[in-house]
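Q: After the structure tokens below, expect a handful of questions from me.
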Amino acid sequence: MILFVWVLSLFGFQAEQQDTVRLQEIEVSAPIFKTFGLGKKQLNWDETALENYQSRSLSELLQEKSPLFIRQYGPGMLASPNFRGTSAGHTAIFWNGIPINSPSLGQSDLSIIPLAAPDRIDLIFGSDGALLGNEALGGSILLQSQANFQESPTASISQEVGSFGQSATAFQAGFSGEKLAFQTKIYSQKAENDYTFRDLSLPGTPEKTQTHSAFSQKGIQQDIAWKINPSQRLSTSFWYHLADREIQPPMGSDTQDTQEDQSFRLSLEYLKFWDKSRLEVRSGWVRDDQLFNQSFNQNSSFFLSGDWEGDIGKDWKIRLGTRGSHIQGNLSTYSATDQRLETYQFIRFSGLKNINLSLNLRQLLVEQKWQPLLPSLGMDWILNPTFSLKASIARGLKVPTLNDRFWEPGGNPELLPEESWQGETGLKWKKGSFHSELTFFAMDVENWIIWMPKGAIWSPENIRRVRNTGIEWAGGTEFALGSTGIKIDLAYNYTKAINRSNSKESPTFWNKQLPYTPVHQAQGGVELIQDGYSIRLSSQYIGQRATTLDHSRIMDPYSLYQLHLNYKKLWLGPVQVPISLRIENLFNKSYQVLYLRPMPGRSIHLNFKFQL
Amino acid sequence: MTKNLFKPFLISFLAASLFACSESEPERPLGEYEQGILIMNEGAFGVNDGEVFHLNTNTGELKSNVFELENGRPFAGLLQDMILEEERLYLVANTGKVEIVDARDFKSIGSVTGDLDISRSLTVNSGKLFISDYGPYAPDFSTPDSYVAVVNTQNGVLVSKKIPVSRKPEDMIASGKYVLVASSEEGKVEIIDAQTEEIFKTINVEGRPMKFFEANGSIFLYSITSEEVIFYSFHLDNFTLATTNYYPIINATGKIAVSPEGVAYMLTSSGWPDYQDGIAKLALFGPEIDLNWYTGSGFYGIGYDPIAQEIYVSNSNGFQGNGSVTILDKEGTEIRNFEVGRGPSGFLFR
């Protein structure tokens, strides 16, 4: 139906479009984390940067291009983020401003967030509960999709085929008239994952073929924007996603588990602009259905928020807002609801020469219980045209998940929220085509929730105190040698996440790096661009990881390499046909991200795109 | 052949006697693992990091991950049981395999890696392996297709037959040409004729039958309910119940260690939400009983060292990393505590 509407829109408005003088786009101010999230490390990928990842998942992008460590159980299997040494549940994830982490699990599986859907992705590093709300302890991931005005009609279809039965199809089309803008994305991805691996669980460690790790995903996203008048806009997005997976067992097991995940996400945003202020009303609905074997779990969440943002004089910008959330969980062992109300106030002061300051506050009320006040303070200081300094201090908070509180048996309604305090400072340097950013952070996480066995029943408790410290460096350059453009990017992370002493765990677990948290990570890439061709060689290094808190088993470090070849100047009449070839795990490295979870060797993927 | 908690000690004793009386036999140096204590570490669910540790009781040296050390590959399974039979050590993984190693040097000599589901225990009879197995989980996580798998050689390889038994078979013991199977969920002891590979007889018992052991020349069965524990013994000529004794020990977990003198040490746990663990002690052939002989939390396995006359109790430490073992003397006084592998659940004293 949505496709039908889009087709009508495309052909119905095509002629009008060509004769229309485009209106100036409504001035939309920067997202809140740009305006008020001062002193924080941020990373982003726009539509162009995501172009080569349309057939892949968010987990793959973050593994290749970000300093996050992704705990991955196999290709296409559960993948969870490890931001600055925190756990998967300490990362807030938003789509069009709506939290999309499962309220029962408190986390998202990055393997089933395909990059065919979002137009832009932002990473905000570190704690910032004041700015971003619940779950923003280690960091936040913001996905954005929207229909754009002022664009020529666009349409593209891409087809990718690759090793191990991989294929992906993605269709995208966009159109805007004077008042309405549409964007439709339809995608389908699948892989047999029938790669070979050396089975360490069997005598002689024979080579075997993976037989139970196939997956398929498909979905549709529809974005519509309506320019009601020059000062008002209404936009909505709908995203349906379905993933079917065979759950890959670890070596030594032959389980035949299957999992189906189905998500419905709807966002609705109304914007009203005045000269120096704006009103935002946002609503959202998310429903996640999960069928694990025969066990069915469903979560649904409804959000409604209202924000006012305005300039006070020339130096102050203020944003005031409130959000209500209604969460319903119907799990295999319990049903529960959760009502939340939060208010927030953000202030930005630009009255000092070359210095911008921000002060943010958020107060959360969960089931009529006040949670700790969440403040954050940030500063960006432009020292000179070459150097700038950033610094921030912020508190983060994670309300115990529905499972933590209500799972039957074992749920613990008395749990306290997990809390963090983080400080970070960084120095940015940019001269000519060179750039570098060095960040230091220190974070304390308290009341870290761990599920512990109590006889045959597992139950969560506030157990751990963790101190996370680290250094993140990223740098690069772009220049030309003759007619060849060259891009080089490098990054290195040093992350310590130390489990401090506590009364509930064995002393052998104290003062140790958390499991599956590499101290050292590095990545880099070189890209050569000439006359429509480009070739990029990139690599990631993941350092040693302990599998348990006592470090009785240390997993080997590994390096992976990818080669991307692109050609963008092939035209078939009016149709541009970019072609890309991608080789992953170029040197066929045998490796495991998690113990006894073999990953695939070298794979080759060919992608054609037909683009109007 | 039979299996019980102190049989390894008897084997060692017999072997020692044999060597002592046979001066003409060439002396064979003891294998590294023929002496001491093997500690079974179950591993964590979904991680398959079960392993065996070895404690040399002469030197005090603790060797970790013995299977991987001696075979150059990880065990890669959840270690459910560890059975010693004629210098072969059978490592039963509830992830559906049995690794067979030479008990002297831990080198792999065979395996059963196919056609098993949730294996629980093993015994040897008539040159065959009998492996109790829950069978595959049904969608509602019940186990309607439990079985005892038969393997026709003592070095493993292929399952030749599956004998259907009652739900959730656990421990087994051999007697003559018969194999007794404790089927825990339905309260039955099923007796298999090892030669015909058929169920010969079924005995109904109360509670959840968990463990067989030998004491005072008889085979005993340990069965639990939430309110009491029950010890059965059998007439082995016609496989009928000989004695049934009830003891008011509540919340027993099914883990038990028995001394050669017939003193039983049983793990108890109040479970969630209070989670008070303990060890109850009673004399099978006397009036003594102590319901709270030792208390604590996180108890996961228990063993009795017949040589040092000490009790070994293991703690899982919440499966967040390695577990630990506490050694107690006969009065329940802590002698020593040391770190072992993940999810320590049982011991083999040699």
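Protein chains in written order, with the working numbering: chain A, -19 to 592; chain B, 1083 to 1432. Glycine is no exception: its CB is placed at the ideal position from the N, C-alpha and C atoms.
1) Note down, in chain order, all residues in the segment 224 to 236 of chain A with a beta-carbon under 9 Å from any beta-carbon belonging to chain B.
2) Report the rounded CA-to-CA distance for residue 619 of chain A versus residue 543 of chain A, giving the unit in angstroms.
3) Cα separation between residue 58 of chain A and residue 90 of chain A?
4) Under 9 Å between the Cβ atoms of residue 95 of chain A and residue 33 of chain A?
5) Which residues of chain A have a Cβ atom closer than 9 Å to the Cβ of residue 1212 of chain B, listed in chain order?
6) Report the option in B:1154, B:1291 and B:1151 whose CA atom is closest to the CA atom of residue 1255 of chain B.
7) Verify whether the separation of the beta carbon atoms of residue 1176 of chain B and residue 1160 of chain B is less than 9 Å.
8) In three-state DSSP terms, what is residue 149 of chain A?
9) Using a beta-carbon distance cut-off of less than 9 Å, what residues from the segment 1160 to 1189 of chain B approach chain A?
10) Which two residues bound the contiguous alpha helix (DSSP H) that contains residue 27 of chain A?
11) Just to confirm, is the Cβ distance from residue 235 of chain A to residue 229 of chain A under 9 Å?
12) Does residue 1235 of chain B get closer than 9 Å to chain A when you measure Cβ to Cβ?
13) I need the straight-line Cα distance from residue 1337 of chain B to residue 1417 of chain B, nearest angstrom please.
14) Closer than 9 Å by beta-carbon distance: list the chain A residues that pair up with residue 1421 of chain B, in chain order.
15) Show which residues of chain B have a CB atom less than 7 Å away from the CB atom of residue 436 of chain A.
16) What does residue 535 of chain A touch in chain B if you count any residue whose Cβ is under 7 Å from its own?
17) Distance, Cα to Cα, residue 453 of chain A vs residue 581 of chain A?
18) At a CB-CB cut-off below 8 Å, which residues of chain A make contact with residue 1221 of chain B?
19) Are any of the Cβ atoms in chain B nearer than 9 Å to that of residue 464 of chain A?
20) Among A:17, A:590, A:585 and A:588, which has the Cα closest to the Cα of residue 298 of chain A?
21) What beta strand (DSSP E) runs, 3 residues minimum, are completely inside the segment 102 to 184 of chain A?
22) Compare the C-beta of residue 498 of chain A with all C-beta atoms of chain B and state if any pair is closer than 9 Å.
23) Taking 8 Å as the threshold, find out whether the segment 1192 to 1203 of chain B comes into contact with the segment 1110 to 1120 of chain B through three or more Cβ pairs.
24) Could you list which residues in chain A have their beta carbon closer than 7 Å to that of residue 1401 of chain B, in chain order?
25) What ranges does the beta strand (DSSP E) occupy inside the segment 1141 to 1173 of chain B, keeping only unbroken runs of at least 3 residues that lie completely in it?
26) Going by C-alpha to C-alpha distance, which of A:48, A:20, A:240 and A:563 sits closest to residue 475 of chain A?
27) Residue 430 of chain A touches chain B at which residues, Cβ-Cβ below 8 Å?
28) With C-beta atoms as the reference, is residue 1429 of chain B less than 9 Å away from residue 1339 of chain B?
29) Return helix, strand or coil for residue 242 of chain A, following the three-state DSSP convention.
30) So, does the CB of residue 1378 of chain B fall closer than 9 Å to a CB anywhere in chain A?
31) Quick check: what's the CA-CA separation for residue 204 of chain A versus residue 180 of chain A?
32) Cβ atoms of residue 1387 of chain B and residue 1394 of chain B: under 9 Å apart, would you say?
33) With DSSP collapsed to three states, give me the class of residue 1399 of chain B.
34) Assuming residue 111 of chain A and residue 74 of chain A make a contact with CB atoms under 8 Å, what is their CB distance in whole Å?
35) Can you tell me whether residue 79 of chain A is buried or exposed? The criterion is at least 16 other CB atoms within 10 Å of its CB, across all chains shown.
36) Between which two residues does the beta strand (DSSP E) carrying residue 586 of chain A extend?
A: Reading off the structure:
1) 229, 230, 231, 232, 233, 234, 235 and 236
2) As shown, chain A starts at -19 and ends at 592. That puts residue 619 of chain A outside it, with no answer to give.
3) As a position in the first sequence, residue 58 of chain A is number 78, starting the count at 1. As a position in the first sequence, residue 90 of chain A is number 110, starting the count at 1. Rounded to whole angstroms, residue 58 of chain A to residue 90 of chain A spans 7 Å at the Cα level.
4) One-based indexing of the first sequence puts residue 95 of chain A at position 115. One-based indexing of the first sequence puts residue 33 of chain A at position 53. Yes; because the gap between Cβ atoms is below 9 Å, this pair is in contact.
5) In the second sequence, the residue the question calls residue 1212 of chain B occupies position 130. Result: empty, since nearest Cβ-Cβ is about 21 Å, beyond 9 Å.
6) The residue labelled residue 1255 of chain B in the question sits at position 173 within the second sequence. Relative to residue 1255 of chain B, the option among B:1154, B:1291 and B:1151 whose CA is nearest is B:1291.
7) Here residue 1176 of chain B refers to the residue found at position 94 of the second sequence. Here residue 1160 of chain B refers to the residue found at position 78 of the second sequence. Between residue 1176 of chain B and residue 1160 of chain B, the C-beta gap is smaller than 9 Å, which places the two residues in contact.
8) Within the first sequence, numbered from 1, the residue matching residue 149 of chain A stands at position 169. Note: residue 149 of chain A maps to strand in three-state DSSP.
9) 1160, 1175, 1177, 1178, 1179 and 1181
10) Reading the first sequence from its first residue, position 47 is the one you call residue 27 of chain A. Taken as a continuous stretch (DSSP letters only), the alpha helix (DSSP H) holding residue 27 of chain A covers 27 to 30.
11) Position 255 of the first sequence, counted from the start, is the residue given in the question as residue 235 of chain A. Position 249 of the first sequence, counted from the start, is the residue given in the question as residue 229 of chain A. Going by C-beta atoms, residue 235 of chain A is nearer than 9 Å to residue 229 of chain A.
12) Here residue 1235 of chain B refers to the residue found at position 153 of the second sequence. So no, residue 1235 of chain B is outside the interface.
13) For the purposes of this step, residue 1337 of chain B is taken as residue 255 along the second sequence, with counting starting at 1. For the purposes of this step, residue 1417 of chain B is taken as residue 335 along the second sequence, with counting starting at 1. Roughly 21 Å between the two C-alpha positions.
14) Locating residue 1421 of chain B in the second sequence gives position 339, where the first residue counts as 1. The contacting residues are 486, 488, 530 and 532.
15) As a working mapping, residue 436 of chain A is identified with position 456 in the first sequence. Contact of residue 436 of chain A with chain B by beta-carbon distance below 7 Å involves 1353.
16) The residue you call residue 535 of chain A lines up with position 555 of the first sequence. Ordered by position in chain B, no residue passes the 7 Å Cβ test against residue 535 of chain A, which lies about 11 Å from the chain.
17) Walking along the first sequence from the start, residue 453 of chain A turns up at place 473. Walking along the first sequence from the start, residue 581 of chain A turns up at place 601. Cα-Cα distance, rounded: 29 Å.
18) Stepping through the second sequence from its first residue, residue 1221 of chain B is reached at position 139. Here the neighbours are 273 and 274.
19) Here residue 464 of chain A refers to the residue found at position 484 when the first sequence is read from its first residue. False, the Cβ-Cβ gap to chain B never drops below 9 Å.
20) Stepping through the first sequence from its first residue, residue 298 of chain A is reached at position 318. Among A:17, A:590, A:585 and A:588, the Cα nearest to that of residue 298 of chain A belongs to A:17.
21) 119 to 124, 134 to 142, 146 to 156, 160 to 171 and 176 to 178
22) Residue 498 of chain A sits at position 518 when you count from the first residue of the first sequence. So, not an interface residue.
23) no
24) Position 319 of the second sequence, counted from the first residue, corresponds to residue 1401 of chain B. Chain A residues near residue 1401 of chain B: 433.
25) As far as the segment 1141 to 1173 of chain B is concerned, its whole beta strand (DSSP E) runs of at least 3 residues are 1161 to 1167.
26) On the first sequence, position 495 is the one that residue 475 of chain A refers to. When each option's Cα is compared against that of residue 475 of chain A, the closest is A:48.
27) Counting from one through the first sequence, the residue named residue 430 of chain A turns up at place 450. Those are 1400 and 1402, listed as they occur along chain B.
28) One-based indexing of the second sequence puts residue 1429 of chain B at position 347. One-based indexing of the second sequence puts residue 1339 of chain B at position 257. Yes, these two residues count as a Cβ contact at 9 Å.
29) For the purposes of this step, residue 242 of chain A is taken as residue 262 along the first sequence, with counting starting at 1. DSSP places residue 242 of chain A in strand when its eight states are reduced to three.
30) To locate residue 1378 of chain B, count along the second sequence from 1; it is residue 296. Not an interface residue.
31) Taking the first sequence and counting its residues from 1, one reaches residue 204 of chain A at position 224. Taking the first sequence and counting its residues from 1, one reaches residue 180 of chain A at position 200. So the two alpha carbons sit approximately 52 Å from each other.
32) Here residue 1394 of chain B refers to the residue found at position 312 when the second sequence is read from its first residue. Here residue 1387 of chain B refers to the residue found at position 305 when the second sequence is read from its first residue. Yes, the pair counts as a contact, with Cβ atoms nearer than the cut-off.
33) Taking the first residue of the second sequence as 1, we reach residue 1399 of chain B at position 317. The three-state reading of DSSP puts residue 1399 of chain B in helix, counting H, G and I together.
34) Taking the first residue of the first sequence as position 1, residue 111 of chain A is located at position 131. Taking the first residue of the first sequence as position 1, residue 74 of chain A is located at position 94. Not quite, the Cβ-Cβ distance comes to about 11 Å (not below 8 Å), so this is no contact.
35) Taking the first sequence and counting its residues from 1, one reaches residue 79 of chain A at position 99. Around the beta carbon of residue 79 of chain A, 16 or more other beta carbons sit within 10 angstroms, so the residue counts as buried.
36) As a position in the first sequence, residue 586 of chain A is number 606, starting the count at 1. Counting along the chain, the beta strand (DSSP E) containing residue 586 of chain A begins and ends at 583 to 591.
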